[in-house]
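Its first residue numbered 3, the sequence shown is counted upward by one per residue in our numbering.
From the three backbone atoms N, C-alpha and C, an ideal C-beta is built for every residue, glycine too.
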Amino acid sequence: MHFTILASGSKGNCTLINSKNTQIILDCGSSKHYLTACFEQLNFDYSKADGLLITHNHSDHISQLKMFKDLKIYSPVTFDDIAVSLVKPMEVFKVKDLTILPIPLSHDCELTVGYIIYDGDETLVYLTDSGYVSQNNVELIKHADYYIIESNHDPQMLMQTKRPLYTKRRILSDNGHLSNEDSALVMSRCIGECTKEIILAHISEQANTYQLAYDTMLDVLRQKNIDTDRLFIKAVKQFEVFDSNIGLKENE
3 MHFTILASGS KGNCTLINSK NTQIILDCGS SKHYLTACFE QLNFDYSKAD
53 GLLITHNHSD HISQLKMFKD LKIYSPVTFD DIAVSLVKPM EVFKVKDLTI
103 LPIPLSHDCE LTVGYIIYDG DETLVYLTDS GYVSQNNVEL IKHADYYIIE
153 SNHDPQMLMQ TKRPLYTKRR ILSDNGHLSN EDSALVMSRC IGECTKEIIL
203 AHISEQANTY QLAYDTMLDV LRQKNIDTDR LFIKAVKQFE VFDSNIGLKE
253 NE
C-alpha cells in the first residue's frame with residue numbers, strides 16, 4: 003500500500019491512498035487551487051479515482067466536496083446537494099481490492115469515523131479528529147503497518163493561546179482532539195512487529211510544534227520500551243506533500 007498526504011490540519015485535510023488496483027482520496031479539505039496543484043505535481047487525475055472517503059462534515063475535511071461530485075463518495079453523513087454511499091461504523095465495505103472498516107470516533111459533530119484500510123497484504127489506520135480513543139478501537143487498530151494519527155496539541159501551549167476559553171475546553175474534551183501525549187499513549191498500545199510508519203497528523207499551528215509532537219511520541223514510546231529505531235515517525239505540516247515511499251526508503 004502507498005499513501006500521500008497532501009494537507010493535514012485545521013486549514014484542510016486530504017490524503018491519497020493507492021493499492022495495486024485502486025486509488026482513493028480520503029477527505030477533501032483545503033482550497034481547490036492547492037489540491038489541484040498537488041494532483042498535478044503527482045501526475046494524478048483525480049477524476050479517475052475509485053472513490054472519495056469522508057471522515058466527517060467539518061469544513062476542513064469537506065470544503066472541496068463539489069470537486070469530486072462525479073466520484074462515488076463514501077460518507078458517514080449525507081449532504082443536501084451531493085449523493086453519497088452511506089457508510090456505518092463497524093460495517094465493512096469494499097472499494098475494488100480495498101477492504102475498509104469505518105470506526106466510530108469522538109468528535110463534536112454529527113458523526114465522525116476513522117478508517118482501517120486493508121489491501122490484502124498491508125493495513126493502514128487513519129484516525130484524526132477524536133477527543134479520545136476507546137479500548138474497543140485500540141483493539142481494532144492494533145498491529146497495523148501504517149498509522150496516520152492525530153497529534154493535535156500540547157495542553158499547556160493550548161491554554162496559552164488567545165483562543166476563547168470555550169474553544170480550549172472543546173479541544174481538551176472527549177469530543178475534541180488528541181493531545182501529543184494521548185496520541186503517543188495510543189500508539190504505545192498498538193504498535194506491532196509489522197508496524198513501519200507512524201505519521202503524526204492534524205497538528206495545531208498555534209497550540210503545538212512539529213518538533214514537540216515528534217519528540218513526545220519518541221519519548222513515550224521509549225518509556226514503554228518500544229524500539230523506535232525500526233520505525234519511521236514523521237510529523238506532517240499543514241501544507242506538505244508527504245509520500246510514504248520517502249519514509250520507507252529512509253528506514254532501509
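Should residue i go down as buried or exposed, given a rule of 16 or more other Cβ atoms within 10 Å for buried?
i: P166; result: exposed
i: T80; result: exposed
i: H63; result: buried
i: H35; result: exposed
i: Q2; result: In the structure displayed, the chain extends from 3 to 254; residue 2 sits before or after that span and is not available.
i: S49; result: exposed
i: S21; result: buried
If you draw a straight line from the C-alpha of residue i to the C-alpha of residue j, how long is it?
i: D52; j: S206; result: 31 Å
i: S77; j: S87; result: 6 Å
i: K68; j: L54; result: 11 Å
i: E195; j: I118; result: 18 Å
i: F244; j: Y168; result: 33 Å
i: N210; j: L180; result: 12 Å
i: Y149; j: F234; result: 10 Å
Could you please give me the residues that DSSP links to residue i through a beta bridge?
i: Q25; result: N20
i: A235; result: Looking at the sequence shown, residue 235 is not Ala but Ile. According to DSSP, which records beta bridges pairwise, I235 is partnered with I200.
i: S77; result: L88
i: D245; result: T6
Measuring from the CB of residue i, is there a heavy atom of the ligand ATP at a distance below 7 Å?
i: P106; result: Ligands displayed in this structure: none; no statement on the ligand ATP is therefore possible.
Looking at the secondary structure, which residues open and close the beta strand (DSSP E) in which residue i lies?
i: A9; result: 4-9
i: F41; result: Per DSSP, F41 belongs to no beta strand (DSSP E); it is in the alpha helix (DSSP H), 34-43.
i: F95; result: 95-97
| Ranges of the alpha helix (DSSP H) found wholly within the segment 45-69, counting only runs of at least 4 | Every unbroken stretch of the alpha helix (DSSP H) spanning 4 or more residues and falling wholly within the segment 45-69 is given here in chain order: 61-64.
| Sequence ranges, alpha helix (DSSP H) only - wholly within the segment 99-146, length at least 4 | List check, alpha helix (DSSP H) in window: 137-143.
| query | In chain order, which beta strand (DSSP E) runs of at least 3 residues are fully inside the segment 150-214? | reply | Whole beta strand (DSSP E) segments, 3+ residues: 199-203.
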